[in-house]
Amino acid sequence: MLPAVPLLVAAILATFLPRRAGQAAILAGPVAGALLLASLEPGATTTVPFFGFEVTPLRADGLARAFGWVFLTAAFLAGLFGWSTMGRTERVSAAAYAGAAIGVVFAGDLITLFVFWELKAISSTFVIWARGTQRSASAGMRYILVHVAGGSVLLAGIMWHFTTTGSLEFTVFDMAQGASWVILLGFAVSAAIPPLHAWIADAYPESTVAGTVFLSAYTTKAGVYAMARGFAGTDLLLWVGVAMAIYGVIYAILEDDIRRLLAYHIVSQVGFMIAAIGVGTEAAVNGATAHAFAHILYKGLLLMGTGAVLHATGRSRLSELGGLARSLPWVAALYLVAAFSISGFPLFSGFVSKELAVEAIAADGEVVAQYLLKFVSVGTFLSTTLKLPYFTWWGPDRGMAAAPPLIRPIPATMYAGMGLAAAANIAIGLRPDILYAQLPFAAEYTPFLWYKIVETLQYLGFAGLAFWLLVKKLGGEPTVTLDTDWVYRRLPALVATRTAPLDLASNLPRPAERVARVLEGARKPLDTFIPRTVTGSRPAHLPTWWLGAVVVGTTALLLGLGYLL
Amino acid sequence: MRGFLERPLLVAGIALVVMVGIDLVLGRPIPGFWPAFGYVSCVILILASKLIGKRFILRDPGYYEPSTGGRHEEGER
């Protein structure tokens, strides 16, 4: 049986069960999924007929198993962390989301892949909406529209691929085929490759504290998995990955919101994985897989730590935090385990995974890429291990520590989730063979060589000195960062403001005027209905219908193109 | 001791000398390369990102919508 099934069943049960029983189902789902995965023979496949096609909902080869294990682990840890805070909508959608992502990694054909891909997009949108605020409603709308567009591109690519090759098997794509590039574009949306990445920093921080932990594990890593499966060795991806890593880290240094800062680090760290996939050797695919595995564990813990801060203080901006070390010492300690992991400190999980990926890139002769990725590692250390903890726990107190009643107690289950995640990061850091045994290819790599440890400690240590020298320049200022989402968040409003006095509709030729009026008529009920179902109130300003119109048009165009081809 | 620790440039200089010494003992090809790499990379990242941020990226918190300052919004579940 597919390891995704217990999670999907848990989602259905959680719809009807009372709170505690529903939450228990959310924890039982990944445990049952892990038992199923352990019972599967390596390389096991299941093929079934489906409307005249042969589909393969289960293909448990090495790559699928590696992602399957970490997806199941993440579902359990995030469910435990959110035991006390998750509402019904969140429980149901999070379990369905985790199940869909696991369905993606075990899909052996493109039909199954697409079905789970779309289920993943829809269920994750509800994880964002579950916070129940106006901002989460708007961010969720933008998120689903971007992912519907990405899914439409993927579907068009799949149809084109099928008409060209006659095959629906999900395997390595031939880059000489145009369809392969369309499929790659569809995967790129999910992997958050710039400029298609802005949804991640827009939507993830607007979810609940546990919801963001779930979100950090699945969507981008499903994109990484799909690329590792279908596009390993595509040279372009090496430099796309390096650019992504630099882009994400620069934005993270500038960010004031702690969860948005970590969202940009997802972009940056996925860049390491994409770069390794671009190299495409067995060692590099192992490196990408290992780094995805470790990344899910340490990123989950980072977002648990910042989520705990948000839960306790109701604040998430560095410009409003500070001096929390006495109030939340254990949160700080557990967060730092994840921070040292993402920074690639020896004896933590990120060291054994990042080194594997970067060394594989260097072994392929890409020395410039290797040094650029080390440069990014310095930026990662700077923003996650120095800037964020300093301004949250040890920096100038901005009134939080002096007002103890404002600090809400952290539930024990939150600490339990963080503690287990920290233990997993330390265990992998101390015993990398645990991780390497899960990789798709035999891994013969020794991370603990003296020169690697010394050079890592040297460049990170001196980055720390530079931070000390320039700490005043990093002081949190209340700002937002502009990114490519400006195109659909701000530009339509600017255009509308400038064109409104012209009464555009009355100046259009008659057929265009009719279309404009129909679109306007269709927009109003949507504007009213969608946000009300989530927040109970209608946002004053919702420009996302512009994007919706673009998405619907693109979908129609691509589906028509796919049909014709 | 506290006065010494409040002089980061001095501390950095002494630490660099120690690291170069370690590299010489260990026979590394370019003694002091990785400490310098870490230090210079960090300075470049901070200064470059601040410059890019001020010119192109950073805006007032209410740029897209009225800011809640990162606090829980009313009605949050």
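Protein chains in written order, with the working numbering: chain A, 106 to 670; chain B, 1232 to 1308. Cβ atoms here follow ideal geometry from the backbone N, Cα and C, with glycine treated the same way. All values derive from a computational prediction rather than experimental measurement.
Whole-angstrom C-beta distance between residue j and residue i, which should lie under 8 angstroms
i                : j                 : result
Tyr476 (chain A) : Trp1265 (chain B) : With 8 angstroms as the limit, Tyr476 (chain A) and Trp1265 (chain B) do not qualify as a contact, their Cβ atoms being about 11 angstroms apart.
Arg98 (chain A)  : Pro310 (chain A)  : Residue 98 (chain A) cannot be examined here, being either before or after the span of chain A that is shown, 106 to 670.
Leu439 (chain A) : Met523 (chain A)  : 4 angstroms
Gly262 (chain A) : Gly291 (chain A)  : 6 angstroms
Ala171 (chain A) : Leu544 (chain A)  : 6 angstroms
Ala165 (chain A) : Phe211 (chain A)  : 6 angstroms
Gly346 (chain A) : Ile379 (chain A)  : 3 angstroms
Leu341 (chain A) : Glu471 (chain A)  : Not quite, the Cβ-Cβ distance comes to about 13 angstroms (not below 8 angstroms), so this is no contact.
Phe275 (chain A) : Asp214 (chain A)  : 6 angstroms
Ser446 (chain A) : Asn530 (chain A)  : 5 angstroms
Pair within 8 angstroms by beta-carbon distance, residue i and residue j
i                 : j                 : result
Pro516 (chain A)  : Pro537 (chain A)  : no
Lys225 (chain A)  : Ala205 (chain A)  : yes
Phe219 (chain A)  : Leu289 (chain A)  : no
Phe139 (chain A)  : Ile131 (chain A)  : One detail in the question is off: residue 139 (chain A) reads as Ala in this sequence, not Phe. Against a cut-off of 8 angstroms, the Cβ pair of Ile131 (chain A) and Ala139 (chain A) comes out as no contact.
Thr190 (chain A)  : Thr324 (chain A)  : no
Leu320 (chain A)  : Ser229 (chain A)  : yes
Phe567 (chain A)  : Gly1269 (chain B) : yes
Val1274 (chain B) : Leu575 (chain A)  : yes
Tyr1295 (chain B) : Arg603 (chain A)  : no
Gly534 (chain A)  : Val457 (chain A)  : yes
Trp234 (chain A)  : Ser243 (chain A)  : no
Leu177 (chain A)  : Ala521 (chain A)  : no
Ala417 (chain A)  : Arg334 (chain A)  : no
Ile382 (chain A)  : Ala393 (chain A)  : yes
Thr674 (chain A)  : Thr150 (chain A)  : Nothing about residue 674 (chain A) can be read from this structure; chain A reaches only from 106 to 670.
Ala115 (chain A)  : Ala143 (chain A)  : no
Leu487 (chain A)  : Ile358 (chain A)  : yes
Leu112 (chain A)  : Ala203 (chain A)  : yes
Residue i - DSSP class collapsed to helix/strand/coil
i                 : result
Pro1367 (chain B) : Given that chain B is displayed from residue 1232 to residue 1308, the structure contains no residue 1367 (chain B) and the question cannot be resolved.
Leu367 (chain A)  : helix
Val160 (chain A)  : strand
Asp538 (chain A)  : helix
Glu274 (chain A)  : strand
Leu122 (chain A)  : coil
Ala296 (chain A)  : coil
Leu112 (chain A)  : helix
Leu1289 (chain B) : strand
Asp340 (chain A)  : helix
Phe634 (chain A)  : Residue confidence is low: Phe634 (chain A) scores 42 on pLDDT, short of 50, so the model does not pin down where it sits. No coordinate-derived value is stated.
Arg334 (chain A)  : helix
Arg422 (chain A)  : strand
Asp279 (chain A)  : coil
His416 (chain A)  : helix
Tyr1294 (chain B) : coil
Asp1254 (chain B) : helix
Thr313 (chain A)  : coil
Trp188 (chain A)  : coil
Ser432 (chain A)  : coil
Met106 (chain A)  : coil
Pro1239 (chain B) : helix
Thr440 (chain A)  : Residue 440 (chain A) is actually Tyr in this sequence, not Thr. DSSP places Tyr440 (chain A) in helix when its eight states are reduced to three.
Pro552 (chain A)  : coil
Phe572 (chain A)  : helix
Thr561 (chain A)  : helix
Pro648 (chain A)  : In this predicted model, Pro648 (chain A) has a pLDDT of only 47, less than 50, meaning its place in the structure is not dependable; the value taken from the coordinates is given anyway. Here Pro648 (chain A) sits in coil by DSSP.
Thr325 (chain A)  : helix
Glu223 (chain A)  : helix
Glu387 (chain A)  : helix
Ile512 (chain A)  : coil
Residue i - partner residues in DSSP beta bridges
i                : result
Pro451 (chain A) : In the DSSP output, where bridge partners are listed per residue, Pro451 (chain A) has none listed.
Phe155 (chain A) : A:Phe158
Thr586 (chain A) : B:Leu1289
Thr671 (chain A) : Outside the shown range of chain A (106 to 670) lies residue 671 (chain A), about which nothing can therefore be said.
Ser214 (chain A) : Position check: residue 214 (chain A) holds Asp in this sequence, whereas Ser was assumed. Paired residue(s): A:Glu274.
Asp362 (chain A) : A:Arg422
Interface flag, residue i vs chain E, CB-CB below 8 angstroms
i                 : result
Leu1257 (chain B) : Within the model displayed, chain E is absent; protein chains A and B are what it includes.
Please identify, using Cβ separations under 7 angstroms, the residues of the segment 483-495 of chain A that lie next to chain B, in order along the chain. Val483, Gly484 and Leu487
Using a Cβ-Cβ cut-off of less than 8 angstroms, give me the residues of the segment 330-355 of chain A that come near chain B, in sequence order. Val354 and Ile355
Could you list the residues in the segment 540-568 of chain A with a C-beta less than 9 angstroms from some C-beta on chain B, going in chain order? Trp555, Tyr556, Val559, Glu560, Thr561, Leu562, Gln563, Tyr564, Leu565, Gly566, Phe567 and Ala568
To be precise: take each residue of the segment 1262-1286 of chain B, compare its Cβ to all Cβ atoms of chain A, and keep it if any distance is under 9 angstroms. Which residues remain? Residues of the segment 1262-1286 of chain B that bring their beta carbon within less than 9 angstroms of a beta carbon in chain A comprise Gly1263, Phe1264, Trp1265, Pro1266, Ala1267, Phe1268, Gly1269, Tyr1270, Val1271, Ser1272, Cys1273, Val1274, Ile1275, Leu1276, Ile1277, Leu1278, Ala1279, Ser1280, Lys1281, Ile1283 and Gly1284, in sequence order.
At a Cβ cut of 7 angstroms, what residues of the segment 179-196 of chain A count as close to chain B, listed as they run along the chain? Those residues of the segment 179-196 of chain A that come within reach of chain B (Cβ to Cβ, closer than 7 angstroms) are Gly192.
Given a limit of 7 angstroms on CB to CB distance, which residues of the segment 576-587 of chain A reach chain B? Result list: Lys578, Leu579, Pro583, Thr584, Val585, Thr586 and Leu587.
Short of 8 angstroms Cβ to Cβ, which residues in the segment 239-258 of chain A face chain B? Gln239, Arg240 and Ser243
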